[in-house]
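Visitor: Sequential numbering of the sequence shown, starting at 0, is according to numbering that gives the first Met the number 0.
Mind looking over this structure? Questions follow.
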Amino acid sequence: MLSCYSNYSAFSGNTTSASGDAAASSNDATTNSDNAFAASDSISTSIVDSPPQSQVIKEIVRSKIEPVIVSHINSPSDFYLQLVANKAVLYMVDDNVNKHVKSEDGAVPVDHVEMDNTVYAVQTSTNEWHRGVVLHSYNEDGKDLFRVHFIDYGFMEILTADRIRSVPSSVVSIPSLAYNCAFYDLKPKSTTGWSNEAYILFSDLMLVKTGSFFVYPLNLNGQRIEVDVVWKEENYPLSIRDAMFFLGFGSYEYYVNKTLHEQLVKMITLPDSLKLEEKERYPVVLCHVISPTEFYLRTTDDTAQLEEVMDALKTIYTPTAKNTHKSYLLYTPQIGMAVAARYSLDGVWYRAKITSLPESRLVTVFYIDFGNSETLPWNELRVLDKELIKTPPLAIKASLADVYPAVDGIESTKWSDNAYAAFLKFSKIDYAEDNLIAFIHEVDGDTHKIVLYNHTSRTEFCLNSQLVSQGYATTVDPGLCVFKKKNIRKQMKLPVLHVNCRNKEVILPNDDPLSFIKQRSVTENENHDWKNKDNKKKFPGVPMTIIKVVSPDEIILKKMNYNTEKLTGNMNKVYANKKKKTQKLVWKINDLCAIFINKYGNWYRGKILNIDLIKQLVTVYLYDLNETIDKISIKSLHILEENCAKEKCGILHCGLYNLVPLGASNGIWPKFTCDRLIEKLKKYPLVYFSRMNAKEQDIALGDIWVREIKMPRALEPLHERWISMSRFMIEQGFALNNKQDKKDGGYSDSQSESEFNYSIETIENDKFVNCWLPPACLDKSEFNAVVTNVDMECHIYLQNMDNETPQLLQLVSNELNEMFSNSQPEPFNMQWSEGQSVIVQYHLDNMWYRGTILKKDENGEFSVLFNDYGNVETCTHEKLRSTLYMTDVPQLCVKGYFSTILPITKSGKWPLPSLDFIHYLLVGKTCKITIDKSLTTDDIYAIKFMKEIQDHIDVCQYLVTNKFAFFEYVSSSIIDLVPDDENNFHATDDSNYDDYGQTNDDSEQTNGDGGQTNGDGGQTNGDGGQTNDDDGQTYVEYESIFDNATMMTTYSVDDEQGNNVSTLNTSAVMLDDGEESDYLKFCLEVNEVIEGTMCRINGPTSFTLMITKIGGADFSVAKNQMYNMIYDKCGTLPPLDHVVPGRAVVVFHNGLWKRGIIENGGNSVLLVDFGISIKLIKKNLRPCPAELFQFPMFTIDCQLVNVRLGDDAYAKDVVDKLSKTLRGINLKIVGISESDNDVVGVELYNSKEEIAYQPLIDAKLLIPA
C-alpha cells in the first residue's frame, strides 16, 4: 500500500487538492480497494500490535484507501477517524505524555492556560492523559472551567485548571492523529438537520466492535475531510454513507461509488443458472407460472439439493429473525446481489437475487430456486452465506415452444386468463403419480423452449398440443415440437362404454406419438352434452367481439374473424364498369346503396340515414364497417346489386331480450345501469350472442353470454361458469324480466334475416350451460361407496369413495356456500320450470347444494332432487337460486338397484316398512359394491353384491334371511309371498318422475356417521330381524331363506318317526386337536339315500347340506322338539366362563338360541345345525346343556364324486353357478364313497331324478374325474 509520511512536521494543507477534483477522481479513490481489504488484517497485526519502528506519521491523501479506527462521532457531518498506520505513533505519544506528567516538571499545573492552539497534556474525566488544545474558558460559580479538545481522539470535555499540564517537547510538533471528517455529498433529509433516528443508526454503524473500517478520501479542501467510510467484517463491505442514503436519512446529488458497488455485487453474486441439454428430456416440477411462454421449472433431480439448501437456510437465518445485528442485515442492497430473503406468506427463508430498489427501505427480489418475485422491507433480507452462494439457482426459466397467445384459436397479442388457467389445469391434473416431462427443444439465452408432457398413472399428453387444440394458443409449425420417441406403454384394452358425454374421443395430430384415448375430466367444456347430436356448436351462441355498448337495448357486436376483404373485392369487380348504369334517380331513407369510399379505395354497402334534398347530400351508414359518413353527394350513390345485398354482414345491432328497466316507468335505461353494463362487458374480449326473437326495428333481440374462469388453487379443478347478461342485470337489481312473449318455458324462434342469421334457441342454451353434467361412468365393477339415499322404488344412491369424489364433494360444498351464503332470493315473478337446474338450500343444515326441480304443487312449493345425494325435498321459492355454479363438475352420486333379490310381495313392489328398514340399514354407511355390467344401463347400475363394511353385513343375504326379499333365481311359486297392503305402499305419479326414477317422500334425508344406536337388548326387525348389541356382533354367513321356515314349522308326523332319529347311524364329531365333541354327526353309508337342502358351498365340488329326511323320517319334529328345549333351558343359563376351542355351546343369534362349537382359536362359532360360522361374542354364549347332545347335528359335509373342476373354468364362477343351481331346491343325496375326514362322497339328484348339477357338466364347468 502506498503511503505518504512526514517527520514531525506540522500537518500541511498543501497536500490536498481542490474540491472540484474530488468527484472526477472518485474512481481513483477506489482503485486499490481490493488490495486494501485484503491487507487490512495484516496491517492491524503488523502496526497495531508491534512496537514502533520509526517516528513517522502517515497522512490522509485523496484517492488512497486506508484502514481506520473510528475514535469519536458527533453526526454524519462531524466525526473523527484515526489511521491504523499511525497507531504506533499514537501509542508513543500517549506513553510520553503519561511519563511526563509523572515527572517533577510535568506534575505541576500550568500557571496560565493559553487558548492559541497551544498543546497541553490534559487529564480526562476517566483519569487518562492525552494531548489537548484549550478552545474556550469561562467562570462558573467562582470556578474557572476550560473546554478542551483532545486532538488525537476528537472528543471534548469541560475541565478545571488543575487537570492541565505542560506537554513534553518531544510530542509538541506531532500533528493531530484524529482527522475531523464528514460524509461526502451527504446532506440530511430534514431541513432542521439530522434526525434522532439518523443519529442512532449512524452511531450503531460507526461504533461496531468487530470488523474493520476503511476510509475513502474524496475531498481534502474543506473544513473537514469529506470521505466515505466502509465497514467490512467477513461477508461484504458496507458503505456507511450509502446505508444512510438507502434508509432515507440522507440525500446526495451526484457522487456514487460505482466501483464499490460493483465490487459488492461481485463478492455476493451467484453462479449462472443451470442450462439443460437440447434434445433431451427431463422430469420436472413447475415452480412458478407467469404465462405459457414464461414460467419456471426445476428438475426432479435437484430436489435433494433444494432440501439441503432449505435446511442450511433454516439453520443459519432462523435465529436472525429477532437478532438485527449489522453483520446479518443488508444496509446497502445493490441490484444483482444474492441475498437470503424471508418470504412474506410463510415466513421461511429462501435464496434470492435483488432485481430493483423501488424506493427507500424497499427491495424487490427474485427467488432463484422458485421463480417468483416480491417486494420486501429491507430488514427482511440477510447477507447470503458464502456456502449457499456456491449452489447455482435451481429454478430454470422456460417457455412452451412454438405456441403463441390466442383467443378461441385467433392469434392475440397477450395470453388470456383462460389460457393461463388452462395451462395450470393441464399441468396439475390430480391423478396419482403425476410427472411432468420437459423435452428441451431449444435454449435461447437463459430461456429453455420446451415441449411439456404430463405423464400420469392414467395417461400422457402434450401441454403444447392441448393449448392449441383448446383454442388458447396458435402454432406456426404443428409438427415442429412433437417429441419423437417410441411409445413403450402397453396398449390398454378399453371396455365398450355406452355413448355419453364422458367418453368422447380426443383427436390429436397423427404424428404425435403420445396420442391417447382421453380419460374422464371434471373440468373441460366438451363434457357438456348437446341434445341435438348433429349440432356442432360448442358454445351457447355465436362468438362475437364488442364494438360499442350504449344500453341494454343498444349493443353493437362484430362476428369473430369477420373480414370485409372478400365482400369489397367482389363489389370492386361488380361496380368497376357500372358506375353510370347503376345510379338511381330517387332515393329514400333506409334505402340500401353501394358507395365508393376514396380514403379506403373500395366499394362498400351502405344504408341511407338522412337526405338533404336542397343540397343533394345524404348521410350514409356503412354497416359493414359500423361507420357513418356525412355530406355525401347523392350522385355518388349506386343501386346495391342483389347478389351483393345477400352477403351476410358481420356487424350486429342487438339488445337484451325481455328486459325492462327497474324503476323507470318511461322505459328509458338510467345512466348508472348502462355504465354498469358497459363496465361488465369490458372485462371480456369475447362474448356469445344467441338470438331469441325476430328483429325489432333492425335490432336483434337475444341474450349475451360470457365465460368466466376462476383461477384454481392447488390440487383443485378449473372453475368455469357461464353468465347470462340478462340474468346478471336482473340479479344486480338493474332490470326486471318481461315474460309476455315467453310460452311454455321457451321463446319463439324466428330465424330469417338477410344480414345476420346466427341464432340458437334459449332452451338449447339452457341445456348446454344451465344443466348439471351427468354422473361420471364407473370404470370399475367393484368399488367402495357411501349410500346417500334409498328412494321409494328401492333405488340406491351411491357416492363413489375413490380418490376424486370426496375432494369434489368438499370443493362443490365450499364453493357453493361461499358463493350463495349471503345471496338474496330471486324476484317473486321469477318463473321456475320442471326439470330446471337450480342451487337449493337444504332446510336441516342451511347449506347450499346442486338440485333439479321435479314438480311444483298448488301451494307454490317445489319438489327438488338433490343431484349429488339422490334425495327429494320440498322447498319454497326463497330456497332456490337460478344462477348456476360448478356446472363443470359432474353429478357426484350414481343410482343403482338390487339385481339379485326381489321384494317378497305379490305385486313386486317394496313396502314402506321394508324401505324404511333398508334406509336405516344403509344410508350413511360405507359399502363394498359389485356391479353386474350386463344388466347396467346408462341411467342405473345393477348391484350384484353389496356388503356393509362396518358390520360385515352381506346386504342381499341379510334381507333374504330376514324375509324382506328372496333371490331372483328362486321360483316365486315356492315362496310364501306377502299380500299387498295398500297402506304399506307409497302412491307414485310416474308422469312426473319418469326422468328421474324418484318419488317424493315426506321423510327427511338422513346422512351421517352414526345412524341409530341399538341398546343391549338389541332391536329385532320383522319375524327374524337382525339383533345388534353393544359389542357389534357381525356375521360371516347367513342361513338360507328356508332354514327358519323348516325349523319353525310344525309338521303332522307321528312320534315314532320323530323318535327314529336316535336310531340313525351317528359318530362323534372329531375336532382339530383330535378330541371328541359331545355332538354326534350323521354317517352316510354307501348307496344310502337321504334328503336335504344346500346351506353352504365350500368349493367347486364341496358343500354343506342340511338334512331334512333320512329313510322317510322327517326331521322337522325333532328340530321343533330341540328348539323348544333350547328355549326353555338356555334363557336361564349363566354366561360362559372360559372360551375354549372345541367346546360345545349355545349362542344367541338372529333372535334364537342355536347350538354351536367354538372354533378358529376362539374367534368364531360354528352353528352345527346350519353349517355356517359367525363371529364369537362371549356375552351371547352359554354352556350347551347335556340334553341337547341327544340330537345329532343336522348338517353333513359332502364332496361331489366322479367330477372335477373344468380345465378352463374358474373356481369362483363354478361356485357362483353351483350356488344358483342348488340353493333353494330339495335334493336327494346318494352316498357313493365312505366318509373321509368327515366328508362324504355323494351324488345329488333333483325331484325329477336328474343329476342336480348337470347344467355345470354341460357347460364344461365340471368335467368327469
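No residue lacks a Cβ here, since even glycine has one placed at the ideal position from N, Cα and C.
Since V133 and M114 are thought to touch, with beta carbons under 8 Å apart, how far apart are those beta carbons, to the nearest angstrom?
Guide: At roughly 5 Å, the Cβ-Cβ gap stays under 8 Å, so V133 and M114 are in contact.
Visitor: Use the C-beta contact count for D151: other C-beta atoms within 10 angstroms, 16 or more gives buried, fewer gives exposed.
Guide: Counting Cβ neighbours within 10 Å, D151 comes out buried, since at least 16 surround it.
Visitor: How would you label H842, buried or exposed, when you count the other beta carbons within 10 angstroms and need 16 or more for buried?
Guide: The residue in question, H842, is exposed, as its Cβ has fewer than 16 Cβ neighbours within 10 Å.
Visitor: Mind checking who N218 pairs with in its DSSP beta bridge?
Guide: In the DSSP output, where bridge partners are listed per residue, N218 has E225.
Visitor: In the DSSP assignment, find the unbroken alpha helix (DSSP H) run with Q809 in it and report its ends.
Guide: Looking at the DSSP string, the run of the alpha helix (DSSP H) that includes Q809 is T804 to F819.
Visitor: Is the beta carbon of S211 closer than 7 Å to that of D227?
Guide: Their beta carbons are not under 7 Å apart, which means D227 does not touch S211 by this criterion.
Visitor: Which value, in whole angstroms, describes the spacing of the CA atoms of Q465 and P392?
Guide: Distance between the alpha carbons of Q465 and P392 is about 30 Å.
Visitor: Out of curiosity, what's the CA-to-CA distance linking N783 and I708?
Guide: Between N783 and I708, the C-alpha separation is close to 33 Å.
Visitor: Report the option in I1171, C1094 and G1098 whose CA atom is closest to the CA atom of I1106.
Guide: Nearest option by C-alpha distance: C1094.
Visitor: Relative to the C-alpha of Y198, which candidate in I224, R240 and V229 has its C-alpha closest?
Guide: Considering only alpha carbons, the answer is R240.
Visitor: Look up D702 in the DSSP assignment and say whether it is helix, strand or coil.
Guide: Three-state DSSP puts D702 in a strand.
Visitor: When burial is assigned at 16 or more other CB atoms within 10 Å of the CB, is A303 buried or exposed?
Guide: Its Cβ having fewer than 16 others within 10 Å, A303 is exposed.
Visitor: Starting from the Cα of W602, find the closest Cα among A644, D443, L1083 and A421 and give me that residue.
Guide: Taking only the C-alpha atoms, the option nearest W602 is A644.
Visitor: Do L958 and G895 count as a contact pair if the criterion is CB distance below 7 Å?
Guide: Not a contact, by the Cβ cut-off of 7 Å.
Visitor: Assuming L1079 contacts P1182 under a Cβ cut-off of 8 Å, what Cβ separation, rounded to an integer in Å, is found between them?
Guide: About 18 Å; that fails the 8 Å criterion.
Visitor: Out of E860, M885, M791 and T925, point me to the one whose CA is closest to F916's CA.
Guide: Checked all of E860, M885, M791 and T925; the closest Cα to F916 is M791.
Visitor: Rank Y622, S780, D611 and P75 by C-alpha distance to the C-alpha of V585 and give the top, closest one.
Guide: Among Y622, S780, D611 and P75, the Cα nearest to that of V585 is on D611.
Visitor: Between the Cα of S468 and those of I289, I449 and D407, spot the shortest distance and give me the residue it belongs to.
Guide: Nearest option by C-alpha distance: D407.
Visitor: Quick one: using the 10 Å Cβ neighbour count with 16 as the cut-off for buried, is Q949 buried or exposed?
Guide: With fewer than 16 Cβ atoms within 10 Å of its Cβ, Q949 is classed as exposed.
Visitor: Tell whether a beta-carbon distance below 7 Å holds between V166 and A106.
Guide: Result no, Cβ atoms of V166 and A106 do not sit closer than 7 Å.
Visitor: State the DSSP-derived secondary structure class of M691, mapped to helix, strand or coil.
Guide: M691 falls in the coil class under three-state DSSP.
Visitor: With DSSP run on the structure shown, which of helix, strand or coil describes Q1189?
Guide: Reduced to three states, the DSSP call for Q1189 is helix.
Visitor: Using the DSSP secondary-structure output, state which residues sit across from R1203 in a beta bridge.
Guide: Looking at the DSSP assignment, R1203 forms a beta bridge with I1262.
Visitor: Taking G1098 as the reference, which of L1187, K1177 and V1213 has the closest Cα?
Guide: G1098 has its Cα closest to that of V1213, out of L1187, K1177 and V1213.
Visitor: In the DSSP output, what is R720 paired with across the bridge?
Guide: R720 pairs with E707.
Visitor: Determine the burial state of K614: buried for a count of at least 16 other Cβ atoms within 10 Å of its Cβ, exposed for fewer.
Guide: So K614 counts as exposed.
Visitor: Might you give, ordered along the chain, the residues of its own chain that have their beta carbon closer than 6 Å to the beta carbon of V170, omitting 5 neighbours on each side?
Guide: Only V92 and N95 meet the Cβ criterion.
Visitor: Hey, P66 and V88: beta-carbon distance below 7 Å or not?
Guide: No, Cβ-Cβ distance for P66 and V88 is not below 7 Å.
Visitor: Per DSSP, P1134 forms a beta bridge with which residues?
Guide: In DSSP, P1134 forms no bridge with anything.
Visitor: For K1128, which residues of its own chain have a beta-carbon under 6 Å away from its beta-carbon, when the five flanking residues on both sides are left out?
Guide: Taken in chain order, the residues that qualify are P1184.
Visitor: Please report how far the alpha carbon of E1084 lies from the alpha carbon of S1232, in whole angstroms.
Guide: The alpha-carbon atoms of E1084 and S1232 are separated by roughly 8 Å.
Visitor: Report the three-state DSSP secondary structure of Y1252 (helix, strand or coil).
Guide: In the structure shown, Y1252 sits in coil (DSSP, three-state: anything other than H, G, I, E or B).
Visitor: For the candidate residues E58, V1202 and S74, whose alpha-carbon lies nearest to that of N85?
Guide: Nearest C-alpha to N85: E58.
Visitor: Tell me the rounded alpha-carbon separation between N571 and I594.
Guide: Computed Cα separation, rounded: 10 Å.
Visitor: Tell me which residue opens and which closes the beta strand (DSSP E) that Q81 is part of.
Guide: Per DSSP, Q81 belongs to the beta strand (DSSP E) from D77 to L82.
Visitor: So, at 6 Å on beta carbons, what are the nonlocal neighbours of V659 in its own chain, with the 5 sequence-adjacent residues on each side left out?
Guide: Contacts found: L735 and N737.
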